[in-house]
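Reading through the structure tokens given below for one structure.
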Amino acid sequence: MGGALLLEAVMALCYSFVIVATYLAGAHWSRAAGILAAGLLVLYPPYSSIFHFVATEALFSTFLIGWLLFTVATLRTPRLWHFALHGGFIALLVLTRPSGQMLLGFVLFPLLLPGLVWWRRSVAALLVLGVAQAVLFGWASYNSIRYDDFTVSRGSAAVVPLYRAFVVDRIVQPSNGPATAELARLVEQELLIQEPYTTYNIDLETFFSSGSTLMWADLVSLSDRVWGWESDYAQLREVGIEAVQAHLPFYLEETFWRSLELFAVHNLPPLVRVTEPPAPVYDEQGRRQARDGQPIPYSYAYWHNSRPNDRPAMTIAEDLVLRARLAAMFPELPQENGKARVYRLLQLLTRTHPPMLAYIVLGVAGALLVRFRDWLPLSFFAAVCLAVPLIGWLGAAPVPEHAIPIYPVLFLFGVLGGLHLAHRMLGKRYSAD
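Start counting the sequence shown at -15; every next residue gets the next number (this note's numbering).
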């Protein structure tokens, strides 16, 4: 239905909506704030880049800015039914990206509104929480009926904090605790005797020190086979917790500096060259060569192929048919090869912006020192949005794509703080003169 052209049109409409909605939200304070925030967003290439590929980042950001605009409408004239819709927005964002569960902190937002009496604030908070939980409960029930798994998003226990500890920080070691020691024993008995581990001579030390995403994926499917689908990866979460506890100072230091770096420097995605997937390459011994720094070319049992009845989602023959169909669809995708000259121009344009950390500092300073209209609800909204990538980075690799979707909120927050600080400073100067 529409193919690549429809996809391009939808992404363009989403991007246009975000720009217009950012202006309209800022216009609640002043037209200047709306124009400046929207203009900065247009001139910031890292943000527009997320609308040039199909992923949850663009959709999450579009829904988030729509929610911001509705929040501004609530600030103008708060109504109890508004908060039921706020709960719906939160549920939609959680279903778009499970890390959006941090947005449930918005339940405290009604308590910050001066235009509501105390009992209305309490009812409003219950409406936010009740509607969000009802929608998510319905989705989990659907998963239970169809997949026999009552969950909003399966696998979070295998990701937080294990993925970060295993792949990024590489602090998962058998000596961390009993859960990790048991996992090491199972890896030795169940995984290292299988292909591709035997062919590539992978030992236990290499397995835990490599930081391989393919090996992490094998841990997830191993958990399903050994501890059962119904365990919901509780043992893997315990392994991740043991790693964090055993290396807590290092883990906290890495989290702080990596998060600070992502907000203190600009992150323009690399120049994209669209090419067909490369064919497998084999060495002199007939072994398939690994890519991207991986010690193995593929997992023993990829985790997406795991099912509760211990049967794979598809046979090898079905997998080959699917790969052939995907290869046939490749030429139909938009061939948006990046131009080196344009890329250098975008890099230059990006560097003219202050880092995102500057907008956060400006927003906080303006809110605390000037206390402009509705500063507290806006500050709280920005803080809740900021919690999404920050909490997510505790379990996953800190990457800019997790933070970029909330940039319109941070732009608006920083612009409002900066404008009000400038107005205060200029006002004092004029009065002194």
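Glycine included, every Cβ here is placed at the ideal spot set by N, Cα and C.
Model, not experiment: these values are computed from the prediction.
Three or more C-beta pairs under 8 Å: does that hold for the region 199 to 207 against the region 327 to 335? Contact between the region 199 to 207 and the region 327 to 335 is absent, because fewer than three Cβ pairs lie under 8 Å.
Residues near Val354 by beta carbon distance below 7 Å, same chain, minus five either side: Numbered from its first residue, the sequence shown carries residue 354 at position 370. Hits under 7 Å: His404, Leu405 and Arg408.
Can you tell which of Tyr181, Gly401 and Ala(-4) has the C-alpha that lies nearest to the C-alpha of Pro281? Locating residue 281 in the sequence shown gives position 297, counting from the first residue. The option with the nearest alpha carbon to Pro281 is Tyr181.
According to DSSP, simplified to helix, strand and coil, what is Arg257? As a working note, residue 257 is residue 273 in the sequence shown. Residue placement at Arg257 is poorly supported in this model, since its pLDDT is 48, which falls under 50; the coordinates still yield a value, given next. If DSSP states are grouped into helix, strand and coil, Arg257 belongs with coil.
Considering just the uninterrupted stretch of the alpha helix (DSSP H) at Arg221, what are its terminal residues? Translated into the one-based positions of the sequence shown, residue 221 becomes position 237. Its alpha helix (DSSP H) spans residues Ala218 to Ala230.
Out of Leu396, Leu77 and Ser159, which has the shortest C-alpha to C-alpha gap to Val228? Residue 228 sits at position 244 when you count from the first residue of the sequence shown. With distances taken between Cα atoms, Val228 lies closest to Ser159.
Verify whether the separation of the beta carbon atoms of Leu346 and Gly277 is less than 7 Å. Position 362 of the sequence shown, counted from the first residue, corresponds to residue 346. Position 293 of the sequence shown, counted from the first residue, corresponds to residue 277. One thing to note: Leu346 has its Cβ no nearer than 7 Å to the Cβ of Gly277.
In chain order, which continuous runs of the alpha helix (DSSP H) of length 4 or greater are located wholly inside the region 343 to 409? Whole alpha helix (DSSP H) segments, 4+ residues: 359 to 376.
Which runs of the alpha helix (DSSP H), 4 residues or longer, sit entirely within the region 147 to 208? Taking only runs of at least 4 residues, the alpha helix (DSSP H) segments lying wholly in the region 147 to 208 are 162 to 170 and 188 to 193.
Which residues in the same chain have their Cβ closer than 8 Å to the Cβ of Glu174, if we skip the five residues on either side of it in sequence? For the purposes of this step, residue 174 is identified with residue 190 of the sequence shown, where counting begins at 1. For Glu174, same chain residues with a beta-carbon under 8 Å away, outside a window of 5 residues either side, are Leu206, Arg209 and Val210 in chain order.
What is the DSSP secondary structure of Phe47, reduced to helix, strand or coil? Residue mapping note: residue 47 aligns to position 63 of the sequence shown, counting from 1. Looking at Phe47 - three-state DSSP - the assignment turns out to be helix.
Simplified DSSP state of His337, which is helix, strand or coil: Position 353 of the sequence shown holds residue 337. Here His337 sits in coil by DSSP.
Residue nearest to Arg221 in terms of C-alpha spacing, selected from Tyr235, Leu167, Leu188 and Pro233: Reading the sequence shown from its first residue, position 237 is the one you call residue 221. Arg221 has its Cα closest to that of Leu167, out of Tyr235, Leu167, Leu188 and Pro233.
Following a CB-centred definition, is Ile177 positioned closer than 6 Å to any heavy atom of the ligand GTP? The ligand GTP is not part of this structure, which contains no ligands at all.
Minimum C-alpha distance to Leu(-9) - residue among Phe364, His12 and Phe35: Here residue -9 corresponds to residue number 7 of the sequence shown, with the count starting at 1. Taking Leu(-9) as reference, the option from Phe364, His12 and Phe35 with the minimal CA-CA separation is Phe35.
Check whether the region 36 to 50 and the region -1 to 7 touch, using three or more Cβ-Cβ pairs below 8 Å as the test. The answer is yes - the region -1 to 7 touches the region 36 to 50, with three or more Cβ pairs under 8 Å.
Contact between the region 68 to 82 and the region 20 to 36 (3+ Cβ pairs under 8 Å): Too few Cβ pairs lie closer than 8 Å, so no.
State the DSSP-derived secondary structure class of Gly212, mapped to helix, strand or coil. Residue 212 sits at position 228 when you count from the first residue of the sequence shown. In the structure shown, Gly212 sits in coil (DSSP, three-state: anything other than H, G, I, E or B).
May I ask you to report which of helix, strand or coil DSSP gives Arg63? As a working note, residue 63 is residue 79 in the sequence shown. Here DSSP, grouped into helix, strand and coil, assigns Arg63 to coil.
Less than 8 Å between the CB atoms is what I'm expecting for Ala371 and Met86, so what's the real figure, rounded? One-based indexing of the sequence shown puts residue 371 at position 387. One-based indexing of the sequence shown puts residue 86 at position 102. Confirmed, Cβ separation roughly 4 Å.
Residue of Cys(-2), Val249, Tyr327 and Thr80 minimising C-alpha distance to Val136: The residue you call residue 136 lines up with position 152 of the sequence shown. The residue from Cys(-2), Val249, Tyr327 and Thr80 with its alpha-carbon nearest to that of Val136 is Thr80.
Thinking C-beta only, is Leu341 closer than 7 Å to Ala248? Here residue 248 corresponds to residue number 264 of the sequence shown, with the count starting at 1. Here residue 341 corresponds to residue number 357 of the sequence shown, with the count starting at 1. Closer than 7 Å, so yes.
Around the C-beta of Leu146, are 16 or more other C-beta atoms found within 10 angstroms, so that it is buried, or is it exposed? Taking the sequence shown and counting its residues from 1, one reaches residue 146 at position 162. Buried, by the Cβ-count rule.
In this structure, how does DSSP classify Pro145 when only helix, strand and coil are distinguished? Against the sequence shown, residue 145 aligns to sequence position 161. Correct three-state label for Pro145: coil.
Using CA coordinates, which residue listed in Gly350, Tyr327, Ile344 and Phe90 is at the minimum distance from Ser33? Numbered from 1 along the sequence shown, position 49 holds the residue referred to as residue 33. Out of Gly350, Tyr327, Ile344 and Phe90, Tyr327 has the C-alpha closest to the C-alpha of Ser33.
Starting from Phe121, trace the alpha helix (DSSP H) both ways and give me its first and last residue. Taking the first residue of the sequence shown as position 1, residue 121 is located at position 137. That run of the alpha helix (DSSP H) goes Trp102 to Tyr131.
CB contact below 7 Å: Leu43 versus chain C: Although the question refers to chain C, the structure presented lacks it and comprises just one protein chain.
Using only alpha-carbon positions, find the residue among Ala17, Thr61, Val143 and Trp123 that is nearest to Asp216. Along the sequence shown, read from residue 1 onward, the residue named residue 216 stands at position 232. Checked all of Ala17, Thr61, Val143 and Trp123; the closest Cα to Asp216 is Val143.
Is Leu25 near Pro384, with beta carbons less than 7 Å apart? In the sequence shown, counting from the first residue as 1, residue 25 sits at position 41. In the sequence shown, counting from the first residue as 1, residue 384 sits at position 400. Their beta carbons are not under 7 Å apart, which means Leu25 does not touch Pro384 by this criterion.
Nearest candidate by alpha-carbon position, reference Pro94, set Val112, Leu77 and Ala285: The residue labelled residue 94 in the question sits at position 110 within the sequence shown. Per the Cα distances, Val112.
CB Val156 to CB Phe192, shorter than 7 Å? As a first step, residue 156 must be located in the sequence shown, where it is residue number 172. As a first step, residue 192 must be located in the sequence shown, where it is residue number 208. Contact flag set, yes.
Confirm, please, whether the CB-CB distance from Gly195 to Val223 is below 7 Å. Translated into positions along the sequence shown, residue 223 becomes position 239. Translated into positions along the sequence shown, residue 195 becomes position 211. No. Outside cutoff.
Considering only their Cβ atoms, is the gap separating Glu226 from Thr183 smaller than 7 Å? The residue labelled residue 183 in the question sits at position 199 within the sequence shown. The residue labelled residue 226 in the question sits at position 242 within the sequence shown. In this structure, the beta-carbon distance from Thr183 to Glu226 does not fall below 7 Å.
As a quick exercise: from Leu374, Ala349 and Pro373, pick the residue whose alpha carbon is nearest that of Ser363. Within the sequence shown, the letter at position 379 stands for residue 363. By alpha-carbon distance to Ser363, the top candidate from Leu374, Ala349 and Pro373 is Ala349.
Distance check for Pro382 and Gly376, CA to CA, integer angstroms please. Residue mapping note: residue 376 aligns to position 392 of the sequence shown, counting from 1. Residue mapping note: residue 382 aligns to position 398 of the sequence shown, counting from 1. Roughly 8 Å separates the two Cα atoms.
Secondary structure at Gln278, three-state DSSP: helix, strand or coil? Mapped onto the sequence shown, residue 278 falls at position 294. It is coil, neither helix nor strand.
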